[in-house]
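Heads up: the sequence shown begins at 103 in the working numbering, then just goes up one per residue. Written out below as structure tokens is the structure these notes cover.
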Amino acid sequence: MSRRRLDAELVRRGLVPTAEAAVAAVVAGRVTVSGAPALRGARMVAPGEAVVVIDEPPEFVSRGGRKLEAALREFSIDVVGRRCLDAGASTGGFTDCLLQHGATHVVAVDVGYGQLAMSLRNDPRVEVRDRTNVRHLTASDVDPPVDLVVGDLSFISLRKVMPALLAVSRADATMVLLLKPQFEASRNQVKLGRGVIRDPEVWRSVSAEVVSAITAPYRDVPVCVAMGFGLSPIRGPEGNREFLVHLQRGVDGVGATSLRAQIDAAVDAAATEAELVERQRA
Numbered sequence: 103m104s105r106r107r108l109d110a111e112l113v114r115r116g117l118v119p120t121a122e123a124a125v126a127a128v129v130a131g132r133v134t135v136s137g138a139p140a141l142r143g144a145r146m147v148a149p150g151e152a153v154v155v156i157d158e159p160p161e162f163v164s165r166g167g168r169k170l171e172a173a174l175r176e177f178s179i180d181v182v183g184r185r186c187l188d189a190g191a192s193t194g195g196f197t198d199c200l201l202q203h204g205a206t207h208v209v210a211v212d213v214g215y216g217q218l219a220m221s222l223r224n225d226p227r228v229e230v231r232d233r234t235n236v237r238h239l240t241a242s243d244v245d246p247p248v249d250l251v252v253g254d255l256s257f258i259s260l261r262k263v264m265p266a267l268l269a270v271s272r273a274d275a276t277m278v279l280l281l282k283p284q285f286e287a288s289r290n291q292v293k294l295g296r297g298v299i300r301d302p303e304v305w306r307s308v309s310a311e312v313v314s315a316i317t318a319p320y321r322d323v324p325v326c327v328a329m330g331f332g333l334s335p336i337r338g339p340e341g342n343r344e345f346l347v348h349l350q351r352g353v354d355g356v357g358a359t360s361l362r363a364q365i366d367a368a369v370d371a372a373a374t375e376a377e378l379v380e381r382q383r384a
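Have a look at this one:
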């Protein structure tokens, strides 16, 4: 019998449910072929070869923690000893990740109620702020101010919450925010995809516009600069692509040319993965 691509074979054998899951498992280093780690989903495997997917124990209380884990690694951000704010904490994936990386205090803010995992709710390092709209936070709400802000927000643009995030953070604070094109694009762009943005050029243009907006100088003084941009390893609901933005206060940024190159690289990586998935579905 003919050999098949590893990613397609993973789905055919029922080892993973979808082509997307196959790609994710290979990238995460969780797949072996004949006992050896598989480095590429495109490699060919014979029907009789042993293909194994290694079980992945949950690292955090929710999969969101893996998004932040990837950002901390990619942007080389040290969390040890820092006072943090988790904007849009939900069940607490980001909060859990921060604590595991050495944060001393996390203000977990969410507009909902009772979603935060009980293990985090009972942790003395976590300050729970349920029923709180991040957009309405002021300096007096978070005192002393935090030196690290992370955010996984939905149904609102980063442009609208940035003033509040600046108000509750120190003048030298670091920020890691998820940029979600489906909540940043125009209504027409979102409507065309029925809530899912699939066009790489929309990802590209929206990302550039949002980063420019949230780093715009206030009274000619830069309050936040872009340090890095990358692709989140996990898709959002309905398969939407999400991106990671690293911002810093009180320093010089990476420069427009370098930032644009990082945006292009992240978008191109997302587009390549999408093409692979479509080929597997065909």
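Every residue gets a Cβ at the ideal spot worked out from N, C-alpha and C, and that includes glycine.
Do you know offhand how far residue i's Cα is from residue j's?
{"i": "His348", "j": "Pro149", "result": "44 Å"}
{"i": "Val211", "j": "Arg351", "result": "21 Å"}
{"i": "Ser334", "j": "Val135", "result": "27 Å"}
{"i": "Val209", "j": "Gln364", "result": "30 Å"}
{"i": "Val369", "j": "Ser104", "result": "34 Å"}
{"i": "Asp157", "j": "Met329", "result": "35 Å"}
{"i": "Val313", "j": "Asp225", "result": "34 Å"}
{"i": "Val270", "j": "Ser307", "result": "29 Å"}
{"i": "Ala275", "j": "Val251", "result": "7 Å"}
{"i": "Ala172", "j": "Leu200", "result": "12 Å"}
{"i": "Val118", "j": "Ala124", "result": "6 Å"}
{"i": "Gly190", "j": "Glu303", "result": "27 Å"}
{"i": "Asp245", "j": "Thr120", "result": "46 Å"}
{"i": "Pro139", "j": "Ser259", "result": "40 Å"}
{"i": "Glu375", "j": "Phe177", "result": "22 Å"}
{"i": "Ser288", "j": "Phe257", "result": "13 Å"}
Are the beta-carbon atoms of residue i and residue j separated by less than 8 Å?
{"i": "Leu222", "j": "Thr197", "result": "yes"}
{"i": "Arg107", "j": "Met146", "result": "yes"}
{"i": "Val298", "j": "Asn342", "result": "yes"}
{"i": "Ala127", "j": "Val133", "result": "yes"}
{"i": "Lys385", "j": "Gly338", "result": "Since the first and last residues shown for the chain are 103 and 384, residue 385 lies out of range."}
Go through its chain and collect everything with a Cβ distance to residue i's Cβ below 7 Å, but skip five positions before and after it.
{"i": "Thr385", "result": "The first residue shown for the chain is 103 and the last is 384, placing residue 385 beyond what the model contains."}
{"i": "Arg261", "result": "Val312, Ala315, Ile316"}
{"i": "Glu340", "result": "Gly297, Val298"}
{"i": "Ala367", "result": "none"}
{"i": "Glu413", "result": "Outside the shown range of the chain (103 to 384) lies residue 413, about which nothing can therefore be said."}
{"i": "Trp305", "result": "Pro283, Ile299, Arg343, Val369, Ala372"}
Would you mind working out which of the options sits nearest residue i, comparing C-alpha positions?
{"i": "Ala266", "options": "Gly166, Asp232, Glu303, Ile316", "result": "Ile316"}
{"i": "Gly355", "options": "Leu187, Pro319, Asp157", "result": "Pro319"}
{"i": "Gly131", "options": "Phe285, Asp109, Gly214, Arg115", "result": "Asp109"}
{"i": "Gly183", "options": "Phe177, Arg227, Val153, Val155", "result": "Arg227"}
{"i": "Glu111", "options": "Gly137, Val155, Ala138", "result": "Val155"}
{"i": "Val129", "options": "Ala121, Arg142, Val118", "result": "Arg142"}
{"i": "Ile336", "options": "Ala371, Arg115, Phe257", "result": "Ala371"}
{"i": "Gly137", "options": "Gln284, Lys282, Glu122, Val153", "result": "Val153"}
{"i": "Asp243", "options": "Leu187, Ile258, Phe285, Ser259", "result": "Leu187"}
{"i": "Ser360", "options": "Trp305, Ser288, Phe331", "result": "Phe331"}
{"i": "Asp301", "options": "Glu286, Ala373, Gly357", "result": "Ala373"}
Report all residues from its chain with a CB closer than 6 Å to the CB of residue i; omit the five preceding and five following residues, and keep chain order.
{"i": "Arg272", "result": "Pro247, Asp249"}
Leaving out five residues on either side along the sequence, give the residues of the same chain with a beta carbon under 8 Å from the beta carbon of residue i.
{"i": "Ala310", "result": "Arg362, Ile365"}
{"i": "Leu280", "result": "Lys169, Gly253, Asp254, Leu255, Ser334, Glu344, Phe345, Leu346, Val347"}
{"i": "Arg114", "result": "Arg106"}
My understanding is that residue i touches residue j, with C-beta atoms under 8 Å, so please give their C-beta distance in whole angstroms.
{"i": "Ile179", "j": "Val263", "result": "In fact, because the Cβ distance is near 20 Å, the residues do not count as touching under 8 Å."}
{"i": "Cys326", "j": "Leu268", "result": "7 Å"}
{"i": "Arg233", "j": "Tyr215", "result": "5 Å"}
{"i": "Gly204", "j": "Val181", "result": "5 Å"}
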